[in-house]
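Novice:
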Amino acid sequence: MSETRQMRHGSSIGQPVTRRDGLLKVTGQARFAADNHPAGLLHAVLAVSRIARGRVAALDLPAARAHPGVVEVMVTANRPALALHPDDKSVPFSFKLDLLQDDRVRYAGQPIAVVIAATLEAATEAAALLAPRYEAGPVEVTLDAPGGYVPESVGVGDPGEMRHGDVEAGLRAAARRIEATYETPLQFHNAMEPHGVVAAWEGDALSLDMPTQGTALTRMRLAALLGIRAEDIHIRSPFIGGGFGSKLLSGPQVLGILAARLVGRPVKLVLTRAQMYGPVTHRSPTRQTLRLGAARDGALTAIHHHVRTATSRHDDFLEPSAGVSHTLYAAPAIATTNEAVRLDTGTPGFMRAPGEASGSIALESAIDEMAHACGMDPLEFRLRNYAEVEPVSGKPFSSKALRECYAEGAARFGWAGRPLAPRQMRDEDGLLVGWGVGTATFPAIMFQAEARAVLRRDGTGLVESGTHDMGQGAWTAFAQIGADSLGLDLDRLEFRAGHSDLPNAGIAGGSGHTATAGGAIHAAGAQAIARLTEIAVADPRSPLFGAGNVGVVARGGRLLRRDDESRGEAYADILARAGLDSVEGRGSAAADPAAAERYAMHAHGAVFAEVKVDPELGQVRATRLVGAFAAGRIINPRLVRSQYYGGMIWGLSFALHERAAMDPRTGRVMNADLAEYHVPVNADVPSVEAILVEEQDPHVNALGIKGVGEIGITGTAGAIANAIWHATGTRIRRFPVAIEELGH
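Per numbering that gives the first Met the number 0: the sequence shown = residues 0 to 743.
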């Protein structure tokens, strides 16, 4: 079904409500971390390494400390002590940190000192006066570095090798075979809001304003590092200007906290744009080789997806790019294998669809090539081979939704008019026109979360959970869930979020935050209603007296008999008669292990792309994108559509723009800014359309919610690459697409 047939689930859920925080943001009233200026605030600036491997031999500390306005320079010798070594990982999803523990340099951009001054300008100038001298070692920063190894695991504990069936036999038996190698580049997080912190100590109590994707997890990590109680750490993170996987906790934020402890005054530390290219994780480059076999009728016989990727020399995170090949196509034999190399870079990490983004562009390109080798329309080929069950586990997918995504997207795009052969279409200006398709997929992830819900005597409600809003509209979606769980109109609900003293909302990552925290909010509201119902049905004065057997429904601030909705009363009347000011419910949510054992839980989609290529210059422009996505129950179609747009634009960026250029001699990023590290601007973004395909998945969680933030990347990049082939006849193997790749 298309978005025009979206069902109204309740008074709030399913409705295109505008953002509750929108006015605050457009009027500049939303307070982000760096907008806070407590009394006595000092400014901290990082001095970072300009070599990628070696040690800091000397710093001109007297010159920096003598600069007007400088209060202190924090280095290894005077850095406050830690209770835990920075390399120790005390919580899940954590990485080794660089906290001035020694003079060793592990990558370019690593913090080597922190200058603290009365003004930002003074701190910046003094940092330049440090004039570090280094003892530099040899540097390796490319995938061709020596010393490769076979990892036991990739991503977050996924096996380094997975096999289903006999791939070599499947390839031998195939009527058609292809083998192709694809390269994806080093990419860096470039959220609008850089990482930062405003830290203030009062004894052992610590107050922090900082962006974080996991308030509770960050508090636990800091408590272990600093040797203080978690309950003595108060984190405020109501607004986050983008996270994309990088904002759980970064080393520079901890350095700001240590700087505040050193000087005994509040300290603000915010990374510069250039400093985002080093200490806050990134997406590692990949070299992916795909071998595919197919029978004469176009049925896949084998898929082998091999990935070479990189991690840092001192820590482990390997981009799990091959995993996507286990989730889409029904080959009887599938193998995914990995190899890795250690480089003199910062440690990679979670970056918007980690693994799926990089892996799907290679897989979808190879699938498209095989389709044309078989003489089949690439959409028909995908329909012929898409998996109705997960190939390895045999667990069923919600595959009917994917078929509908293909159908609705193709109809809206006009795919039926696509010629099979390349270089058959031109526009009125003589530009080559090509159409491509890519399948989108992303797992339906859930973490653990808690929430509190209150019904008040004045007929209003309160919902509390330490949720995180990175700009995707979580404040609004969670309020909608809370309002419906309490049977209230949205304007009668107060929603509190973004503080560490609220119930633990888990992690805002993996496109799982709405399902996770939303599930806890739903459960908390249900418990509050249940407690109010107990009061009403036991009260002889209530119209609901004795209705326990038939049950009640909550709607519009009233409890109503399920068998006769003319009989009911307002929450306020029930509480007033009971002499109560409020009634409270608490709820939690987590993935259901039993359901996970039985079903493969994914969101699905299909993206159709049109590109135009200048036949003389080789310049590529994406001119039209249509995506159709099925992601379970939609809380707010306006916000969901916005997320799909963002994902598709990121996929466009992956295919055509985004690449960090490393100097192999120094290990430094040569385009560490938004002038030369290219991301799409308005002029690069084509017509973008997102279709919300209705899907009801009763197994994924209590609300039937799946994530929508990352899936849009996974189909789009491949669709654009395939459209370029259709326009030019040239298969793209290296991304982002450069003019030289097209033979110009």
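Built from N, CA and C at the ideal position, the CB exists for glycine as well.
Closer than 6 angstroms to a non-hydrogen atom of the ligand MN - does that hold for the CB of V612?
Specialist: The ligand MN is not among the ligands present in this structure, which contains no ligands whatsoever.
Novice: Could you name each continuous beta strand (DSSP E) segment of 3 residues or more that falls completely within the stretch 524-575, going from the start of the chain to the end?
Specialist: 551-554, 557-560, 567-569
Novice: Can you tell me whether DSSP reads Q274 as helix, strand or coil?
Specialist: Here residue 274 refers to the residue found at position 275 when the sequence shown is read from its first residue. Three-state DSSP puts Q274 in a helix.
Novice: Give every residue of the same chain whose Cβ lies closer than 7 angstroms to the Cβ of E2, excluding the five residues on either side of it in the sequence, and list them in chain order.
Specialist: The sequence position of residue 2 within the sequence shown is 3, counting from 1. Reliability fails at E2, whose pLDDT of 36 lies under 50, so the model's placement of it is uncertain and the value that follows must be treated cautiously. Excluding sequence neighbours, E2 sits near P636, I690, L691.
Novice: Going by CA-CA distance only, name the one from T180, R64, L142, L83 that's closest to A130.
Specialist: One-based indexing of the sequence shown puts residue 130 at position 131. Closest option to A130, Cα to Cα, is R64.
Novice: Among residues of its own chain, excluding the 5 on either side of A400, which ones have a beta-carbon nearer than 7 angstroms to its beta-carbon?
Specialist: Taking the sequence shown and counting its residues from 1, one reaches residue 400 at position 401. Taken in chain order, the residues that qualify are H603, A629, V692, E694.
Novice: Going straight from the alpha carbon of H42 to that of E124, what length do you get?
Specialist: In the sequence shown, the residue the question calls residue 42 occupies position 43. In the sequence shown, the residue the question calls residue 124 occupies position 125. Distance between the alpha carbons of H42 and E124 is about 12 angstroms.
Novice: For E407, collect the residues of the same chain with a Cβ closer than 7 angstroms to its Cβ; drop the 5 residues on either side in sequence, then sort them by chain order.
Specialist: Locating residue 407 in the sequence shown gives position 408, counting from the first residue. Excluding sequence neighbours, E407 sits near S1, A627, I690, V692.
Novice: Quick check: the Cα distance between P237 and E167, rounded to an integer number of angstroms?
Specialist: Locating residue 237 in the sequence shown gives position 238, counting from the first residue. Locating residue 167 in the sequence shown gives position 168, counting from the first residue. Whole-angstrom Cα-Cα distance: 53 angstroms.
Novice: Measure the C-alpha to C-alpha separation of V536 and D562 and round it to an integer number of angstroms.
Specialist: Against the sequence shown, residue 536 aligns to sequence position 537. Against the sequence shown, residue 562 aligns to sequence position 563. Taking the straight line from one Cα to the other gives about 14 angstroms.
Novice: Tell me, please, which residues DSSP counts as bridged to V612.
Specialist: To locate residue 612, count along the sequence shown from 1; it is residue 613. For V612, which the question treats as bridged, DSSP gives the partners L431, V619.
Novice: Using 8 angstroms as the cut-off, can you tell me whether the stretch 640-659 makes contact with the stretch 587-596, which would need three or more C-beta pairs spanning the two stretches below that distance?
Specialist: no
Novice: Considering just the uninterrupted stretch of the beta strand (DSSP E) at E493, what are its terminal residues?
Specialist: Residue mapping note: residue 493 aligns to position 494 of the sequence shown, counting from 1. 492-495 is the span of the beta strand (DSSP E), which, as asked, contains E493.
Novice: Around the Cβ of H84, are there at least 16 other Cβ atoms within 10 angstroms (buried) or fewer (exposed)?
Specialist: Residue mapping note: residue 84 aligns to position 85 of the sequence shown, counting from 1. Residue burial is scored here from C-beta neighbours: H84 has fewer than 16 other C-beta atoms within 10 angstroms and is therefore classed as exposed.
Novice: Closest to A56 by C-alpha separation, out of A452, R78, D101, would be which residue?
Specialist: Along the sequence shown, one-based indexing puts residue 56 at 57. Nearest in C-alpha terms to A56, of all of A452, R78, D101, is D101.
Novice: Extract the residue ranges of the beta strand (DSSP E) inside the stretch 156-232, only unbroken runs of 3 or more that lie entirely within it.
Specialist: Correct list: 161-163, 175-183, 195-201, 204-208.
Novice: Where does T3 sit, in a helix, a strand or coil, going by DSSP?
Specialist: Walking along the sequence shown from the start, residue 3 turns up at place 4. For T3, the predicted structure reports a pLDDT of 32, less than 50, and the residue's modelled location is therefore unreliable. The matter cannot be settled from this model.
Novice: CB-CB under 7 angstroms to F243, same chain, minus the five flanking residues each way: which ones, in chain order?
Specialist: Residue 243 sits at position 244 when you count from the first residue of the sequence shown. Excluding sequence neighbours, F243 sits near H188, A190, M350, R351.
Novice: Could you check what DSSP says for E647 in three-state terms: helix, strand or coil?
Specialist: Taking the first residue of the sequence shown as 1, we reach residue 647 at position 648. According to the sequence provided, residue 647 is Met. The question's Glu does not apply to it. It is helical.
Novice: Among L431, S357, E583, which has the Cα closest to the Cα of Q186?
Specialist: Here residue 186 refers to the residue found at position 187 when the sequence shown is read from its first residue. Nearest to Q186 by C-alpha distance, out of L431, S357, E583, is S357.
Novice: Taking the straight line between their C-alpha atoms, what separation do you get for Q5 and A482?
Specialist: What you label residue 5 is simply residue 6 of the sequence shown in a count that begins at 1. What you label residue 482 is simply residue 483 of the sequence shown in a count that begins at 1. Model confidence at Q5 stands at a pLDDT of 36, short of 50, so the residue's coordinates are unreliable; what they give is reported in the following sentence. Taking the straight line from one Cα to the other gives about 19 angstroms.
Novice: Let me know the secondary structure DSSP gives A386 once reduced to three states.
Specialist: Here residue 386 corresponds to residue number 387 of the sequence shown, with the count starting at 1. In this structure, A386 counts as coil in the three-state DSSP scheme.
Novice: How is S11 classed by DSSP in three states: helix, strand or coil?
Specialist: Along the sequence shown, read from residue 1 onward, the residue named residue 11 stands at position 12. In this structure, DSSP gives S11 a state outside helix and strand, which the three-state scheme calls coil.
Novice: Roughly how many angstroms lie between the CA atoms of E615 and V432, to the nearest whole one?
Specialist: Here the question's residue 615 lines up with position 616 in the sequence shown. Here the question's residue 432 lines up with position 433 in the sequence shown. Approximately 14 angstroms between the Cα atoms of the pair.
Novice: Check M661 in the structure and name its three-state DSSP category.
Specialist: Here residue 661 corresponds to residue number 662 of the sequence shown, with the count starting at 1. Here M661 sits in strand by DSSP.
Novice: Would you kindly report the start and end of the unbroken beta strand (DSSP E) that includes S587?
Specialist: One-based indexing of the sequence shown puts residue 587 at position 588. Element bounds for S587: 581-588.
Novice: Closest to D672 by CA distance: which of A321, G292, A660, T665 is it?
Specialist: Within the sequence shown, residue 672 is the residue found at index 673, counting from 1. Out of A321, G292, A660, T665, A660 has the C-alpha closest to the C-alpha of D672.
Novice: Kindly identify the DSSP beta-bridge partner or partners of E71.
Specialist: Position 72 of the sequence shown holds residue 71. DSSP links E71 through a beta bridge to I115.
Novice: Would the beta-carbon of L257 fall within 7 angstroms of that of P79?
Specialist: The count along the sequence shown starts at 1 and reaches residue 257 at position 258. The count along the sequence shown starts at 1 and reaches residue 79 at position 80. Less than 7 angstroms divides the Cβ of L257 from the Cβ of P79.
Novice: Just grab the DSSP bridge partners of M350 for me.
Specialist: Within the sequence shown, the letter at position 351 stands for residue 350. Answer is none; M350 lacks a bridge partner.
Novice: Out of curiosity, what's the CA-to-CA distance linking V549 and I719?
Specialist: Taking the sequence shown and counting its residues from 1, one reaches residue 549 at position 550. Taking the sequence shown and counting its residues from 1, one reaches residue 719 at position 720. Going from the Cα of V549 to the Cα of I719 covers about 56 angstroms.
Novice: Let's see if you can read the secondary structure: which residues bound the alpha helix (DSSP H) around Q252?
Specialist: Sequence index remark: in the sequence shown, residue 252 carries index 253 (1-based). Looking at the DSSP string, the run of the alpha helix (DSSP H) that includes Q252 is 250-262.
Novice: On the DSSP letters alone, give me the boundaries of the alpha helix (DSSP H) that I360 sits inside.
Specialist: Your numbering for residue 360 matches position 361 in the sequence shown. That run of the alpha helix (DSSP H) goes 355-372.
Novice: According to DSSP, is A43 part of a helix, a strand, or is it coil?
Specialist: Locating residue 43 in the sequence shown gives position 44, where the first residue counts as 1. Three-state result, A43: strand.
Novice: Relative to the C-alpha of G617, which candidate in L741, V269, L119 has its C-alpha closest?
Specialist: Here residue 617 refers to the residue found at position 618 when the sequence shown is read from its first residue. Ranking the options by Cα distance to G617, first place goes to L741.
Novice: Can you tell me which residues form a DSSP beta bridge with S686?
Specialist: Locating residue 686 in the sequence shown gives position 687, counting from the first residue. Partner residues in the beta bridge of S686, as assigned by DSSP, are R623.
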